[in-house]
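Here's the structure we're looking at; comments come further down.
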Amino acid sequence: MVQVTLWAGLRPLAEDQEHVTIEAATIRELLSKLQLRYPALEQPFRNDVAVAINGTIYRDDWSQGIPEDAEVFLMRRIPGG
Amino acid sequence: MTTIAVSTTINGDDVEYLCHADESLLDVLRNRLGLMGSKEGCGTGDCGACSTMLDGRIVCSCLVLGAEAEGREIETIEGMAHGHDLHPLQTKFLEHAALQCGICTPGFLMAAKALLDVNPDPTEEEIRFWLAGNLCRCTGYDKIVRAVQDAAAEMRGDAA
Amino acid sequence: MSFDASYNEKELNAVGTRPVRPDGVDKVTGRARYGADYNMPGQLVARVLRSPHAHARILRIDTSQAEALKGVKAVVTAADLPDLTDGDASLFAILDNCMARTKALYDGHAVAAVAAIDVHVARKALKLIEVDYEVLPHVVDVDLAMAPDAPVLDETIITKGVTPAPDAPSNVFAHSEFGHGDVAAGFAKADEIVERTFKTEQTHQGYIEPHACVASCNSDGSAEMWVCTQGPFVYRQVCADLLGLEVSKLKVTSSEIGGGFGGKTHVWAEPVALALSRKAGRPVKLVMSRNEVFRASGPTSATSIDVKIGATKDGTITAAEATLRYTSGPYPDTWAETGAMTAFACYDLENVKTVGIEVLVNRPKVAAYRAPSAPMAAFAVESAIDSLAHKIGIDAVDFRIKNAAREGTRSSYGPVYGPIGIGPTLEAAKAHAHMSAPLGKNQGRGMACGFWFNFGGQTCTDLNISADGTVTLSVGTVDVGGSRASLSMIAAEELGIAYEDVKAGVADTASLGYNDMTDGSRGTFSSSMATISAARNAIAVMKQRAALMWDIPVEDIEWKDGQAHAVGASHDNLAPLSVKDIAAKAGNTGGPIAGHSELVADGAGVSFGTHICDVEVDPETGATRVIRYTVIQDAGKAVHPAYVEGQYQGGAAQGIGWALNEEYIYGEDGRLQNAGFLDYRIPVCSDLPMIDTQILEIPNPNHPYGVRGVGETSIVPPLAAVANAVSDAVGVRMTHVPISPPRILAALKAQR
Ligand code: FES
Ligand code: FES
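Chains as they are written, first to last, in the numbering used here: chain A, 1 to 81; chain B, 82 to 241; chain C, 242 to 993.
Set out below in structure tokens:
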């Protein structure tokens, strides 16, 4: 089980939850299960989201594994210059 | 619009062209003669990307009319190297990584060459003030100044 | 095949040296081709008509006279760019920004464009286009735009992120909030508190090369574009979406790029050039003037930021809070949110809260500029940190060291940090000779830290080995500052061959798979990862070929020092085969030898820097001169140290310009008054000292060589470092950048 923290902008789309506990071994699994539970997340998940696992930010590599007890954060994708 | 016939010398060669009365030398070089090494960063004399030599003086070619070149001598970046032999400034700019994007580089090279023509041993401050008419947004000028210093030393024959 | 990107310590030969870049000779001889240096047969010249009003409804556009002018081949308005965005608000904003649809939203907003046989005809045609405007009240200032009586730019905008939702539209698009702990409780524990409001003005990336493109649409639905861009694949996608083209039928070639800094990650005029070409049936060249670059391509946000920080007497920060108001131009965006995320990222805080507020104004659509949104937030926070250190009587560096984020710190934007490099940059600053050098009269010293998220992204690279054993490397990330040299070095390192035997080039969109833009400091980080992967794939092929040449099992072959070695006692009479040996026989061992790589580079790792600045202020004129400047930043591994130094120096110079001179100045009428390099003054050579750099190399665990992005962080600390130095010199806290002479004189006067 991983506990996921949602950035404030996502919470209204996820029944105002800040933390969600979910069974997921990879980012892909995490996002698809979250979306199943909260369908409104589909829109931001299209290309607005990045996932921080134990502090390292992943933007595209959804095959990334999520270790047991990892700290997982959903963040907005940041623009670059 | 009628055109004006101009005979001039560019990089040592006789050149003739027709241009409009309101056409800048930069536009003539770039659009009529294919000498696109001179760049346009502003068109108003503020960036130095179009620096060329006119009768031995450095000018912003965007502020000179094509028609004004009649009977004059022009040098552009295309004439700086001799065949495959780069000018020491060109070599030093490469060695010192004095360019990032490189859009300002032709202008800096022309301006620096003009400086070394009149002052073979400039101080850092003299270099900085001489080059103050050339804008570079990438480098912070540090490596440009060092490249000019190093080229000047080499051209004077000082051991590095 | 999956690629193991984890860091592997080993001795490096090519990496870390300073060879001449492969595109260098072309650039010093004037042969390199930038955006405006390209022409197509039969090409027309485009010119754009722009709104002179900051805010106006477009009642009517009559192009008939312009169309009738001899030599005019096409005139386009918004009607020629139908809305295909299908409810995608950010794509619609791009479309509307390229060509105003119902309202002109800022001075310089495009309303029509022409393509003609030459520039004279094009200019004449623009004058013949009639536009009837209903001029509307406008607002350009971030604080005024939030006032209850401000003219509202977009009546459909109801602020997001606040409960209960407001019932009336406003210019505030959204609030976003970050942080943890209980700031009120934290402030209650503080012995000293600093609370201040800061302002920063809007600046432009100021690349010396104006936007330029040549677009050509064919009758068969295919199209081509030559353009200066940081991301040809992204431009292709956006242009195809806006024009309804098939993505693969639009080929985009990136020219040499004369600076971008984020400003060439967004499309501006390219869709207009394509629309003109489609209508005219001929290629169209569109080059912006410098005036247009300032008025109509993207600047940064202007901001107004409240900061409150409290600490105990021993120098421990107990709470920190900031409210950040950022302009986004006339369209909704998330610039304040990014600022809010970065504001306190340097520190280890128990109680922290930031709120970002996105504000619409009648200014050009905001674009990314090097570590976008971070410099303004850092200016406010690092200024307040400096004040607080003074207030409690502790050295500013020690104060930061004491409160610096470290491994295990919960970042102010949410996640807990892994190993990070702010501590080492601060320690290096403390130990640096600059920190203890004596100061003269009217001189002051300041320092500041900065944070930026780097990122990686989608990357595709091809490595081809020629018959003579030399290598061509095709990358899809545009080279903005020497990355072709770095990537050639990486390929040489991995293959074990000489740097001179590798030639890297940037491929067009028809020749390589998709690549994200060169932004987020990703160019060298991502493409080097893909290059390593491609080289390893090529080595695998070469081992197979060597096996065929020797007629031994591939398992008996080892790749070492650029050669295939046959291992095992039975093969010890076989002399190793070099890349050249293997390449020479490729035709008979299976054909061309290549290595490809498609990957997403992730795990770029966050980046920190610390800057030290000395200034001298003339109290009579208020003029400030930077007399010494030092940049300390972690590069993970500096592939080509000269270009890493260049990134540090360039970012610092841009930040110094922002801190002291650069700003968009609007008149009462909402028109930009300084749309040129004469009045929008970027630093020139005589304004700056040498900029010293110190490269720290703390390997990034998520890159085989430990490389980190280095492009952006260097612009984050300077605003605050300069402001802290000026405040030190004049004895008054400067809270508004740019710290121009009039602002310094006003501050001095107010103090007397
Ligand atoms: S183009 Fe001539 S000075 Fe800028
Ligand atoms: S190297 Fe880019 S402007 Fe000078």
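Ideal placement from N, C-alpha and C gives every residue a C-beta, glycine not left out.
Beta-carbon contacts of residue i that lie in its chain and below 7 Å, excluding the five residues immediately before and after
{"i": "L336 of chain C", "result": "L322, D324, T326 and L483"}
{"i": "F620 of chain C", "result": "F439, T441, L960, A961, A964 and V978"}
{"i": "M242 of chain C", "result": "Any reading at M242 of chain C must be qualified, since the residue scores a pLDDT of 43, below 50, and its modelled position is unreliable; the value itself is stated next. Once the five neighbours on either side are set aside, M242 of chain C has no close Cβ partner at all."}
{"i": "C100 of chain B", "result": "T84, I85, V87, V109, R113, G147 and A148"}
Same chain only: Cβ atoms within 6 Å of residue i, ignoring 5 sequence neighbours per side
{"i": "K549 of chain C", "result": "E436 and E562"}
{"i": "N592 of chain C", "result": "G422, D423, V424, G427 and A560"}
{"i": "E578 of chain C", "result": "S417 and G597"}
{"i": "T759 of chain C", "result": "Q471, T718, V719 and V721"}
{"i": "I985 of chain C", "result": "G863"}
{"i": "D843 of chain C", "result": "G697"}
Backbone CA spacing between residue i and residue j [nearest angstrom]
{"i": "I932 of chain C", "j": "G221 of chain B", "result": "8 Å"}
{"i": "V229 of chain B", "j": "G214 of chain B", "result": "15 Å"}
{"i": "G65 of chain A", "j": "E487 of chain C", "result": "35 Å"}
{"i": "D60 of chain A", "j": "R76 of chain A", "result": "12 Å"}
{"i": "G160 of chain B", "j": "L527 of chain C", "result": "28 Å"}
{"i": "G9 of chain A", "j": "T21 of chain A", "result": "18 Å"}
{"i": "D127 of chain B", "j": "I449 of chain C", "result": "11 Å"}
{"i": "L346 of chain C", "j": "P512 of chain C", "result": "19 Å"}
{"i": "A788 of chain C", "j": "A739 of chain C", "result": "24 Å"}
{"i": "N603 of chain C", "j": "M529 of chain C", "result": "21 Å"}
{"i": "K671 of chain C", "j": "Q935 of chain C", "result": "13 Å"}
{"i": "A1053 of chain C", "j": "P410 of chain C", "result": "Given a span of 242 to 993 for chain C in the structure shown, any question on residue 1053 of chain C remains unanswerable."}
{"i": "A277 of chain C", "j": "E465 of chain C", "result": "15 Å"}
{"i": "A179 of chain B", "j": "C219 of chain B", "result": "10 Å"}
{"i": "L31 of chain A", "j": "V362 of chain C", "result": "56 Å"}
{"i": "I897 of chain C", "j": "D267 of chain C", "result": "31 Å"}
{"i": "N683 of chain C", "j": "P187 of chain B", "result": "38 Å"}
{"i": "T494 of chain C", "j": "E433 of chain C", "result": "57 Å"}
Option nearest residue i by Cα separation, candidates the options
{"i": "W576 of chain C", "options": "C:V607, C:C587, C:G850 and C:E591", "result": "C:V607"}
{"i": "A353 of chain C", "options": "C:D359, C:V362, C:V360 and C:K368", "result": "C:K368"}
{"i": "R237 of chain B", "options": "B:D198, B:L212, B:K224 and B:C182", "result": "B:D198"}
{"i": "F244 of chain C", "options": "C:N644, C:T544 and C:S767", "result": "C:S767"}
{"i": "G1044 of chain C", "options": "B:I85, B:D94, B:A130 and B:L212", "result": "Examination of residue 1044 of chain C is not possible in this model, given that chain C is present from 242 through 993 alone."}
{"i": "Y248 of chain C", "options": "C:Q992, C:I956, C:A991 and C:N943", "result": "C:N943"}
{"i": "A40 of chain A", "options": "A:G55, A:V2, A:E15 and A:E71", "result": "A:E15"}
Neighbour-count burial assignment, residue i, 16 or more Cβ in a 10 Å radius
{"i": "P660 of chain C", "result": "exposed"}
{"i": "R92 of chain A", "result": "Look at the range of chain A in this structure, 1 to 81, and you will see that residue 92 of chain A is not part of it."}
{"i": "L901 of chain C", "result": "buried"}
{"i": "S762 of chain C", "result": "buried"}
{"i": "E953 of chain C", "result": "buried"}
{"i": "N829 of chain C", "result": "exposed"}
{"i": "P983 of chain C", "result": "exposed"}
{"i": "L285 of chain C", "result": "buried"}
{"i": "E533 of chain C", "result": "buried"}
{"i": "R301 of chain C", "result": "exposed"}
{"i": "I906 of chain C", "result": "exposed"}
{"i": "N941 of chain C", "result": "buried"}
{"i": "P794 of chain C", "result": "exposed"}
{"i": "P524 of chain C", "result": "buried"}
beta-carbon residue i near ligand 2 non-hydrogen atom, thresh 8 Å
{"i": "L216 of chain B", "result": "yes"}
{"i": "L180 of chain B", "result": "yes"}
{"i": "G183 of chain B", "result": "yes"}
{"i": "C123 of chain B", "result": "no"}
Cutoff 8 Å; reference residue i; Cβ partners in own chain excluding five residues on either side
{"i": "E735 of chain C", "result": "T772, I773, A776, R777 and I780"}
Any non-hydrogen atom of ligand 1 within 8 Å of residue i CB
{"i": "C926 of chain C", "result": "no"}
{"i": "K878 of chain C", "result": "no"}
{"i": "C219 of chain B", "result": "no"}
{"i": "D127 of chain B", "result": "yes"}
{"i": "A130 of chain B", "result": "yes"}
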